[in-house]
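Protein chains in written order, with the numbering used here: chain R, -3 to 299; chain Y, 509 to 776.
Don't be surprised by glycine CBs; every beta carbon is placed ideally from N, CA and C.
None of the values given here were measured: they were computed from a predicted structure.
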Amino acid sequence: MDYILTTNELTKQYGSYKASNEVSIHVQRGAIYGLIGRNGAGKTTLMKMIGGLSRPTSGSYEIRGKNGETTEKMMSKVGILIEAPGLYPNMTAMQNLTTKAIALGIKDKKYLMGLLEEVGLADTGKKKAKQFSLGMKQRLGIAMALVNKPELLILDEPINGLDPQGIAEMRNILHHLCYDRGITILISSHILDELSKVATQYGIIHEGTLLEEESKEELFSKCCERLELKTNDISKTLEILNAMGFSKIEVKDDAINIYERLNESGAITIALAKENVQTNEIALKTEALEDYYFQLTGGKENV
Amino acid sequence: MSNIFRMHMYRASKAVSTYVILIILAASLFMTLGLLVIAYDNPLTAMVTVTMTESGLEINRLTPTIVHMFYIQSSNTYLILVTVFAVIFTNCDFTRGFAKNTYSMFESRRTLVFSKWLALVTCISASYIVYSFAGLGLSAVCVKAFESARWGDYWVGFFVTYLCLISLVTMVFWITSLFKSPAGGMVIGILISSGTFALIEILIAGLFARTTHLDINLADYFLDYAFMSYNGSIGTSATIRTICVALVYLGLALTMSVFLSDRKDVNV
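And the structure:
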């Protein structure tokens, strides 16, 4: 697997409190990696360490397979937008970009204008950043993160506080950056529905600990609608289901989960009865990403 | 390093605070000139220096050195403005969160901090040269300051006060970087530049002299006291001591600022 970023038991400790506890994530090149967790779960701490803003107490991370001192040299290939975008309020969008560009030795104004066009801020002219809406500030923050032509973009809660239109604009920008420009994105959010629309890989973090890491397919297979079937003979039931042409089947504990042809519960029951298999329970179950997250992190009382 | 330096110069050129301070500085130039004229005309506060020459005692009412000290040191306006600028300049990228953009990309934080300090010193140096020469020029026109100018003394005074000023600014830079608090940095900086700390230092020096019976004025080794008490005609050994004190404080504050930056997380 081609990973652009891996962390190895990355830990950040403040006194006796571990804000990030031996977190090991694996971000595939070209993915949009969604870091899910409630406020205070340790997402920002993890991102700050990866972004070079905070020193890990222990553990390490690799960017493009480089670690140690060579990791730091790779930092020029990482763009960050952590918490609020770092902007000078009395400067225009172009002046803010220019400030960062000067630090990087970039003099090409056309390139900077191109970045503003990419995030939809090309027509802001002399308007100062302090006069921008929250969505515009976030988009300028992304443009700032793109100045150094990053291969990995770290975005911490970029859709926080945005209105529906702002969220949709942000989603389009993320899709464009990932699929058109090939930038890998590590994005955190506690708005799970929205994250589920963009991310292709997920890490679920809770109280500083990474609980699960899985692909979109794996996660959605746990979250989507399914028929949950309980019988007195699981192996015979599986044979019958195979004979009926069901392939998206998963056995979990004493139940069989069926992820296709969800309206055929009647036919299944009749087929089982014909083979003398007793159906104890058959029900349509729906589990949203949010429900799955609550189940994983210990319930809604934790939110 | 030069790119970071240029970035800081660019942001300073775009900051409103820079222009506000420049306007106040320009106003202060004329206010200080007014005070100088009043002091020059008033027999009680007449600015007189007495110098022993081969032909006997030479009495000079006003010299370029006195004018320079009056502008830079005696009138606290310049020092306070410089301190305010240093605090704003040092803290601005942290209070605005812009530091995240730079600290995340560069391998060496030491280079970042050193470049920022260099940019600050460049701004302060420019203000020092323009302010002191403008003050001198205005004084030459208004109060006949150079009738018996001793330019050698002037340039020594110019250099020593510059060194003390840069050292003081570096202290403010370090304190502000350390606490990341604009208010805290501003208060400490103003207390230093207004001479409030010097009073405490005199007290400490007095207690030290009483308890140890040593013939040393401890206050001479505090930067702000050494700066405030330097007047351009305190003798060679005292001048050398002032230079040494300024260099030691400058070196310590810069070293602390640069090396401690490696250990701190960026919390903006």
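{"Check": "Less than 8 Å between C-beta atoms, sequence neighbours within five positions excluded: which residues of the same chain meet that for His576 (chain Y)?", "Outcome": "Ser640, Gly643, Leu644, Tyr662, Gly665, Phe666, Thr669 and Gly740"}
{"Check": "Are the CB atoms of Leu258 (chain R) and Ile245 (chain R) nearer to each other than 8 Å?", "Outcome": "no"}
{"Check": "Can you list, in chain order, the stretches of the beta strand (DSSP E) that have 3 or more residues and sit fully within the segment 82 to 163 of chain R?", "Outcome": "148 to 152"}
{"Check": "If you draw a straight line from the alpha carbon of Tyr255 (chain R) to that of Gly101 (chain R), how long is it in whole angstroms?", "Outcome": "54 Å"}
{"Check": "Can you grab the Cα-Cα spacing for the pair Thr88 (chain R) / Cys672 (chain Y), in whole Å?", "Outcome": "37 Å"}
{"Check": "Can you find a CB in chain R that lies within less than 8 Å of the CB of Lys624 (chain Y)?", "Outcome": "no"}
{"Check": "What are the residues that DSSP puts in a beta bridge with Thr713 (chain Y)?", "Outcome": "It should be noted that the sequence gives Ala, not Thr, for residue 713 (chain Y). Bridge partners of Ala713 (chain Y): none, in fact."}
{"Check": "Output needed for Gly36 (chain R): all residues of its chain with C-beta closer than 7 Å, excluding positions within five of it in sequence on either side, in chain order.", "Outcome": "none"}
{"Check": "Smallest Cα separation from Ile708 (chain Y): which of Y:Leu731, Y:Pro690 and Y:Ser689?", "Outcome": "Y:Leu731"}
{"Check": "Using beta carbons (cut-off 8 Å, strictly below), is Asn511 (chain Y) in contact with chain R?", "Outcome": "yes"}
{"Check": "How many whole angstroms separate the CB atoms of Lys212 (chain R) and Thr196 (chain R), which I take to be in contact at a CB cut-off of 8 Å?", "Outcome": "5 Å"}
{"Check": "Less than 8 Å between CB atoms is the rule here; does Val774 (chain Y) satisfy it with respect to chain R?", "Outcome": "yes"}
{"Check": "In the segment 514 to 533 of chain Y, which residues sit with their C-beta less than 8 Å from some C-beta in chain R, listed in chain order?", "Outcome": "Arg514, Met515, Tyr518, Arg519, Lys522, Ala523 and Val524"}
{"Check": "Put Ala27 (chain R) into one of helix, strand or coil per three-state DSSP.", "Outcome": "coil"}
{"Check": "Could you please tell me which residues of the segment 737 to 752 of chain Y, in chain order, have their CB closer than 7 Å to any CB of chain R?", "Outcome": "none"}
{"Check": "Counting only C-beta atoms, is Arg604 (chain Y) closer than 8 Å to chain R at any point?", "Outcome": "yes"}
{"Check": "Could you please give me the residues that DSSP links to His516 (chain Y) through a beta bridge?", "Outcome": "According to DSSP, which records beta bridges pairwise, His516 (chain Y) is partnered with nothing at all."}
{"Check": "Spatial neighbours of Glu271 (chain R) within its chain, please: CB distance less than 6 Å, with the 5 preceding and 5 following residues excluded, ordered by chain position.", "Outcome": "Ile236"}
{"Check": "Any contact between the segment 21 to 31 of chain R and the segment 190 to 206 of chain R? By contact I mean 3 or more CB pairs, one from each, below 8 Å.", "Outcome": "yes"}
{"Check": "Have a look at His186 (chain R) and Asn63 (chain R) and give me their C-alpha separation to the nearest angstrom.", "Outcome": "30 Å"}
{"Check": "Quick check: what's the CA-CA separation for Arg60 (chain R) versus Leu1 (chain R)?", "Outcome": "6 Å"}
{"Check": "Classify Ser701 (chain Y): buried if its beta carbon has 16 or more other beta carbons within 10 angstroms, exposed otherwise.", "Outcome": "buried"}
{"Check": "Count the CB pairs spanning the segment 613 to 630 of chain Y and the segment 152 to 169 of chain R that are closer than 8 Å, and state whether there are at least three.", "Outcome": "no"}
{"Check": "From Thr275 (chain R) to Glu221 (chain R), what does the alpha carbon distance come to, in whole angstroms?", "Outcome": "20 Å"}
{"Check": "Are Val592 (chain Y) and Ile529 (chain Y) close, meaning C-beta to C-beta below 8 Å?", "Outcome": "yes"}
{"Check": "Could you check if Phe513 (chain Y) is buried or exposed, using at least 16 other CB atoms within 10 Å of its CB as the buried criterion?", "Outcome": "buried"}
{"Check": "Counting pairs of Cβ atoms below 8 Å between the segment 534 to 546 of chain Y and the segment 105 to 114 of chain R, do you hit three or more?", "Outcome": "no"}
{"Check": "Taking beta-carbon pairs under 8 Å, can you tell me which members of the segment 28 to 60 of chain R lie near chain Y?", "Outcome": "Lys44, Gly47, Gly48, Leu49, Ser50 and Arg51"}
{"Check": "Could you check how far apart the C-beta atoms of Ala761 (chain Y) and Tyr733 (chain Y) are, in whole angstroms? I think they sit under 8 Å.", "Outcome": "In fact, because the Cβ distance is near 16 Å, the residues do not count as touching under 8 Å."}
{"Check": "Interface residues of chain Y around Tyr84 (chain R) at Cβ under 9 Å?", "Outcome": "Arg519, Lys522, Ala523, Cys600, Asp601, Arg604 and Phe606"}
{"Check": "Going along chain Y in order, which residues have a C-beta closer than 8 Å to the C-beta of Gly101 (chain R)?", "Outcome": "Asn511"}
{"Check": "Between Tyr139 (chain R) and chain Y, is there a C-beta pair that is closer than 8 Å?", "Outcome": "Tyr is not the amino acid found at residue 139 (chain R); the sequence shown has Ala there. Not closer than 8 Å to any Cβ of chain Y, the Cβ of Ala139 (chain R) fails to qualify, so no."}
{"Check": "Counting Cβ pairs, one atom from each stretch, are 3 or more of them under 8 Å apart for the segment 70 to 88 of chain R and the segment 595 to 615 of chain Y?", "Outcome": "yes"}
{"Check": "Any idea which residues DSSP pairs Ala251 (chain R) with across the strands?", "Outcome": "R:Lys248"}
{"Check": "Starting from the Cα of Ile163 (chain R), find the closest Cα among R:Gly26, R:Gly178 and R:Lys193 and give me that residue.", "Outcome": "R:Lys193"}
{"Check": "Should the segment 37 to 51 of chain R be regarded as contacting the segment 119 to 127 of chain R, the criterion being three or more beta carbon pairs within less than 8 Å?", "Outcome": "no"}
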